[in-house]
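Position in the sequence shown (from 1) plus 161 gives the number in the working numbering. All residues carry an ideal CB built from backbone N, CA and C; glycine is no exception. Here's the structure we're looking at; comments come further down.
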Amino acid sequence: MALSSLVTRQTDLPGLLIAALVHNEILWLRPFTWGSGLIGRALVRVVLAERGLDPSPFTIPEHGFAESGRPAYVQAIRNYGSGTLDGVAQSVIWFSASCAIGAAAVNV
């Protein structure tokens, strides 16, 4: 499935999984000379809002990414890039845990 259709197409896949795959794919491919990480993190917010997980964009997934530390962030992207089922699963688990940390940090 092409990345653009993963973002825009109606699917039964969980929104958090879609956000993880979009984020990880952008960071793995690094399609932009500068800002691939920024674009990937922005797309996380778009997907989470669009899929109804965070319609008011109050969560701060970036907080969870920062809390886990850069080495864990880089390792998660490397795991995703391995292309193995285990590697992709590990990256999605890391992403989900990071989003949970970010959501828990919100004071509304």
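Quick check on residue i: buried or exposed, where buried means 16 or more other Cβ atoms within 10 Å of its Cβ?
| i | result |
| --- | --- |
| Thr194 | exposed |
| Ala130 | Given a span of 162 to 269 for the chain in the structure shown, any question on residue 130 remains unanswerable. |
| Arg205 | Looking at the sequence shown, residue 205 is not Arg but Val. It counts as buried. |
| Leu199 | exposed |
| Asn268 | exposed |
| Glu188 | Here the sequence assigns Leu to residue 188, which means Glu is not the residue at that position. With 16 or more other Cβ atoms within 10 Å, it is buried. |
| Asp215 | buried |
Residues in its own chain within less than 6 angstroms of residue i by CB, not counting five upstream and five downstream?
| i | result |
| --- | --- |
| Val253 | Ala181 |
| Gly263 | Thr220, Ile221, Pro222, His224, Gly225 |
| Val249 | Tyr241 |
| Arg191 | Ser197 |
| Gln251 | Asn240 |
| Trp255 | Ala237 |
Pick helix, strand or coil for residue i, following the three-state DSSP scheme.
| i | result |
| --- | --- |
| Trp195 | coil |
| Phe256 | helix |
| Pro175 | coil |
| Thr169 | helix |
| Pro232 | helix |
| Leu246 | helix |
| Asn268 | coil |
| Phe226 | helix |
| Val202 | Residue 202 is actually Arg in this sequence, not Val. The answer is helix: DSSP assigns Arg202 an H, G or I state. |
Closer than 8 angstroms by C-beta to residue i: which residues in its own chain qualify, once you throw out the five before and the five after it? Chain order, please.
| i | result |
| --- | --- |
| Val183 | Leu164, Leu167, Val168, Gly201, Leu204, Val205, Val208 |
How many whole angstroms separate the CB atoms of residue i and residue j, which I take to be in contact at a CB cut-off of 8 angstroms?
| i | j | result |
| --- | --- | --- |
| Thr257 | Ser229 | Here residue 257 is Ser; the residue named in the question, Thr, does not match the sequence. 11 angstroms between Cβ atoms; not a contact. |
**Asked** Does the segment 210-227 come within contact of the segment 174-191, defined as at least 3 CB pairs closer than 8 angstroms?
**Response** yes
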